[in-house]
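Undergrad:
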Amino acid sequence: MKRLVARAYKFRIFPPKIVVKKLERALGACRSLYNSELEYEEQLWFSERRFVGRNELNLLVPDWKSINPDLRLVHSQVLQNVSDRLVKSFDGFFRRVKSGERAGFPRFKSGERYDSFTFPQSGFKLEKGRLRLSKMGMMGIKQHRRIEGKIKTLTVKKGSTNKWFACFSIEREIEIKQKDFSQCIGIDVGLESFYADSEGNKICNPRWFRKSEERLKLLQKQYSRKKKGSKNSRKSKLKIAKLHEKVVSQRNDFLHKETRKLADSCSLIAIEKLSIKSMVKNRYLAKSINDAGWRRFLQYLAYKAEEAGGRIVEVDARGTSQRCICGNRVEKSLAVRTHKCKECGRVLDRDVMSAILVKASALKELKNTAGTAGINACGDAPLGTSMKQEWTGNAQNLIHARCPIGLPWGGSLDG
Ligand SMILES: [Zn+2]
Numbered sequence: 476m477k478r479l480v481a482r483a484y485k486f487r488i489f490p491p492k493i494v495v496k497k498l499e500r501a502l503g504a505c506r507s508l509y510n511s512e513l514e515y516e517e518q519l520w521f522s523e524r525r526f527v528g529r530n531e532l533n534l535l536v537p538d539w540k541s542i543n544p545d546l547r548l549v550h551s552q553v554l555q556n557v558s559d560r561l562v563k564s565f566d567g568f569f570r571r572v573k574s575g576e577r578a579g580f581p582r583f584k585s586g587e588r589y590d591s592f593t594f595p596q597s598g599f600k601l602e603k604g605r606l607r608l609s610k611m612g613m614m615g616i617k618q619h620r621r622i623e624g625k626i627k628t629l630t631v632k633k634g635s636t637n638k639w640f641a642c643f644s645i646e647r648e649i650e651i652k653q654k655d656f657s658q659c660i661g662i663d664v665g666l667e668s669f670y671a672d673s674e675g676n677k678i679c680n681p682r683w684f685r686k687s688e689e690r691l692k693l694l695q696k697q698y699s700r701k702k703k704g705s706k707n708s709r710k711s712k713l714k715i716a717k718l719h720e721k722v723v724s725q726r727n728d729f730l731h732k733e734t735r736k737l738a739d740s741c742s743l744i745a746i747e748k749l750s751i752k753s754m755v756k757n758r759y760l761a762k763s764i765n766d767a768g769w770r771r772f773l774q775y776l777a778y779k780a781e782e783a784g785g786r787i788v789e790v791d792a793r794g795t796s797q798r799c800i801c802g803n804r805v806e807k808s809l810a811v812r813t814h815k816c817k818e819c820g821r822v823l824d825r826d827v828m829s830a831i832l833v834k835a836s837a838l839k840e841l842k843n844t845a846g847t848a849g850i851n852a853c854g855d856a857p858l859g860t861s862m863k864q865e866w867t868g869n870a871q872n873l874i875h876a877r878c879p880i881g882l883p884w885g886g887s888l889d890g
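Quick note: to get this note's numbering, add 475 to the position in the sequence shown (first position is 1).
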């Protein structure tokens, strides 16, 4: 079975000074266009109670060009993409209003908040390991991975530490392999460890962020004492951004390695369904979750498993910390780290026992839904489709296997 998936590649680019100037001017021009268009929409709304779409906005671009000549330095499709962005932010606004969420009206963008522009189709070219941007020039690009698939768009982005990046979104066809799901693993998110699996392994929680937090606090204190807008204040801010950047890249590196291991070695990965939103609300847990980047972990895992032909099953894991695989109830507070069952005599790490239960309920659910036709029958729902897609905890692209936890599993699953 073949399927089209979207992926993204981010490469650092090295524009020469003269090109950097052009990129900066283009960014400024796009930002001013965005703000002009927003102002136009706002006025239209207050005077006539209506909004206009991208086509009408694009018709007005020549007028804005005569006001801001810098716009002439930017590829026309890039300017059209600015209108698309505005229309998208209005769409989001209306959607939130409709669903009763808190909805902020689209905002005017300051310099820092507008840090990228997009070539939606053309205007860029990769030639001999260099990148050519229309109306900008040539620049070096560090392509640490080969691009596989058809390039759809290119977004040029300025990072917080003044590095520049080229982000390609691509589409490629992948072969969905049919695995037999014999290599099943259950995973439990830990607080002490990053996660525990049903094989008894505990993967340590990376706490770079917390370690760096002290240093970050110090830097932020220093920054707050500096005079706003001064040279020293800018320097201090850059230091903070650099530290952040380091932590993020270390964390992502860790996550890529862990998810690769799992995706390559297991055909069926059972995870507990986490409502991340509600967990982040809980202040005690919030730090650990953000710290560990669990959200990103699931994102990476979803697309890596998909390409390896594996599958992720989410299960309702309520109560996994209070039960034993034998069916006995073993109550324990958060402070108790070891699971001791009086009924069957199992003594295990509590997170490992939870992972075993997660695995058991995933297998049980799949058995129930697939019957004797094999597990594949229940799982034609695709896994993660795009890296851009944010994990929402109930993403439709995962299979939902809701099932009660802790029912005896015939003793065939041994801890
Ligand atoms: Zn037991």
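Glycine included, each C-beta is placed from N, C-alpha and C at the ideal position.
Remember, it's a predicted structure, so these values are computed and weren't measured experimentally.
Which value, in whole angstroms, describes the spacing of the CA atoms of threonine 847 and serine 657?
TA: The count along the sequence shown starts at 1 and reaches residue 847 at position 372. The count along the sequence shown starts at 1 and reaches residue 657 at position 182. Here threonine 847 scores only 40 on pLDDT, less than 50, and its place in the model should not be relied on; the value that follows carries that caveat. Cα to Cα, the separation comes out at about 15 Å.
Undergrad: Counting along the chain, where does the alpha helix (DSSP H) carrying isoleucine 622 start and finish?
TA: Residue mapping note: residue 622 aligns to position 147 of the sequence shown, counting from 1. Where isoleucine 622 is concerned, there is no enclosing alpha helix (DSSP H), given that its DSSP letter is neither H nor E.
Undergrad: Buried or exposed: lysine 839, going by 16 or more other Cβ atoms within 10 Å of its Cβ?
TA: Within the sequence shown, numbered from 1, the residue matching residue 839 stands at position 364. Lysine 839 should be labelled buried.
Undergrad: Is the beta carbon of asparagine 803 within less than 7 Å of some heavy atom of ligand 1?
TA: Residue 803 sits at position 328 when you count from the first residue of the sequence shown. Yes - ligand 1 has a heavy atom lying nearer than 7 Å to the Cβ of asparagine 803.
Undergrad: In its own chain, which residues sit with a C-beta less than 6 Å from the C-beta of phenylalanine 599, not counting the 5 before and 5 after it?
TA: Position 124 of the sequence shown, counted from the first residue, corresponds to residue 599. Cβ within range, chain order: Leu608 and Leu629.
Undergrad: DSSP on methionine 613, reduced to helix/strand/coil?
TA: Here residue 613 refers to the residue found at position 138 when the sequence shown is read from its first residue. DSSP places methionine 613 in strand when its eight states are reduced to three.
Undergrad: By how many angstroms is the C-alpha of serine 705 removed from the C-alpha of lysine 692?
TA: Numbered from 1 along the sequence shown, position 217 holds the residue referred to as residue 692. Numbered from 1 along the sequence shown, position 230 holds the residue referred to as residue 705. Going from the Cα of lysine 692 to the Cα of serine 705 covers about 20 Å.
Undergrad: Hey, valine 911 and threonine 795 are a contact pair by Cβ (cut 8 Å); roughly how many whole angstroms apart?
TA: The structure shown does not extend to residue 911, since the chain is modelled only from 476 to 890, so the question has no answer here.
Undergrad: Buried or exposed: where does phenylalanine 594 fall if 16 or more other Cβ atoms within 10 Å of its Cβ makes it buried?
TA: Walking along the sequence shown from the start, residue 594 turns up at place 119. Buried is the call here.
Undergrad: Tell me, which residues are paired with glycine 661 by DSSP?
TA: Stepping through the sequence shown from its first residue, residue 661 is reached at position 186. Glycine 661 pairs with Ala745.
Undergrad: Could you give the residue range of the alpha helix (DSSP H) that holds histidine 731?
TA: By 1-based counting over the sequence shown, the position of residue 731 is 256. Taken as a continuous stretch (DSSP letters only), the alpha helix (DSSP H) holding histidine 731 covers 706 to 740.
Undergrad: Is the beta carbon of leucine 841 less than 8 Å from the beta carbon of valine 788?
TA: Within the sequence shown, residue 841 is the residue found at index 366, counting from 1. Within the sequence shown, residue 788 is the residue found at index 313, counting from 1. Yes, the Cβ-Cβ distance between leucine 841 and valine 788 is below 8 Å.
Undergrad: Quick one: grab the DSSP three-state call for isoleucine 493.
TA: In the sequence shown, the residue the question calls residue 493 occupies position 18. Collapsing the DSSP output to three states places isoleucine 493 in a helix.
Undergrad: Does at least one heavy atom of ligand 1 sit under 7 Å from the Cβ of isoleucine 831?
TA: Mapped onto the sequence shown, residue 831 falls at position 356. Result no, Cβ not under 7 Å from ligand 1.
Undergrad: For the beta strand (DSSP E) holding lysine 677, just list the boundary residues, first then last.
TA: Locating residue 677 in the sequence shown gives position 202, counting from the first residue. Run containing lysine 677: 677 to 679, per the beta strand (DSSP E) assignment.
Undergrad: Classify histidine 875 as helix, strand or coil using the three-state DSSP reduction.
TA: One-based indexing of the sequence shown puts residue 875 at position 400. Any reading at histidine 875 needs caution, since the residue's pLDDT is 28, under 50, leaving its predicted position unreliable; the model's value is listed next. The three-state secondary structure of histidine 875, taken from DSSP, is strand.
Undergrad: Given that a residue counts as buried once 16 or more other Cβ atoms are within 10 Å of its Cβ, and exposed if not, what is histidine 814?
TA: Translated into positions along the sequence shown, residue 814 becomes position 339. Per the 10 Å Cβ criterion, buried.
Undergrad: Between serine 564 and the rest of its own chain, which residues show a CB-CB distance below 8 Å, the 5 nearest in sequence each way excluded?
TA: Against the sequence shown, residue 564 aligns to sequence position 89. Contacts found: Pro581.
Undergrad: Could you tell me the alpha carbon to alpha carbon distance between asparagine 803 and leucine 743, rounded to whole angstroms?
TA: In the sequence shown, the residue the question calls residue 803 occupies position 328. In the sequence shown, the residue the question calls residue 743 occupies position 268. If I take the Cα positions, the gap works out to 26 Å.
Undergrad: Taking Cβ to Cβ, would you say proline 537 is nearer than 8 Å to tryptophan 639?
TA: For this step, residue 537 is matched to residue 62 along the sequence shown. For this step, residue 639 is matched to residue 164 along the sequence shown. Not closer than 8 Å, so no.
Undergrad: May I ask you to report which of helix, strand or coil DSSP gives valine 788?
TA: Your numbering for residue 788 matches position 313 in the sequence shown. Valine 788 falls in the strand class under three-state DSSP.
Undergrad: Cα separation between asparagine 843 and alanine 835?
TA: In the sequence shown, residue 843 corresponds to position 368, counting from 1. In the sequence shown, residue 835 corresponds to position 360, counting from 1. Between asparagine 843 and alanine 835, the C-alpha separation is close to 12 Å.
Undergrad: Under 7 Å Cβ to Cβ from alanine 738, same chain only, skipping five residues before and after it: list those, please.
TA: In the sequence shown, counting from the first residue as 1, residue 738 sits at position 263. A distance below 7 Å between beta-carbons, with the five flanking residues on each side excluded, links alanine 738 to the following residues of its chain, in chain order: Leu776, Lys779, Ala780, Ala783 and Gly785.
Undergrad: Cβ-heavy atom distance between glutamate 818 and ligand 1 below 7 Å?
TA: Translated into the one-based positions of the sequence shown, residue 818 becomes position 343. It does: the Cβ of glutamate 818 is within 7 Å (strictly closer) of some heavy atom of ligand 1.
Undergrad: Would the beta-carbon of proline 825 be found less than 7 Å away from any heavy atom of ligand 1?
TA: In the sequence shown, counting from the first residue as 1, residue 825 sits at position 350. The residue you asked about is not proline; residue 825 is arginine in the sequence shown. Not so, every heavy atom of ligand 1 lies at least 7 Å from the Cβ.
Undergrad: Alpha carbon to alpha carbon, how far is glutamine 552 from alanine 716?
TA: Start at 1 with the first residue of the sequence shown, and residue 552 comes out as number 77. Start at 1 with the first residue of the sequence shown, and residue 716 comes out as number 241. Straight across, the Cα-Cα distance linking glutamine 552 with alanine 716 is about 31 Å.
Undergrad: State yes or no: is the C-beta of isoleucine 800 nearer than 7 Å to some heavy atom of ligand 1?
TA: Counted from its first residue, the sequence shown places residue 800 at position 325. Checking the Cβ of isoleucine 800 against ligand 1 gives yes.
Undergrad: To the nearest angstrom, how far is the alpha carbon of lysine 712 from that of lysine 721?
TA: Within the sequence shown, the letter at position 237 stands for residue 712. Within the sequence shown, the letter at position 246 stands for residue 721. Looking at the two C-alpha atoms, the distance is approximately 14 Å.
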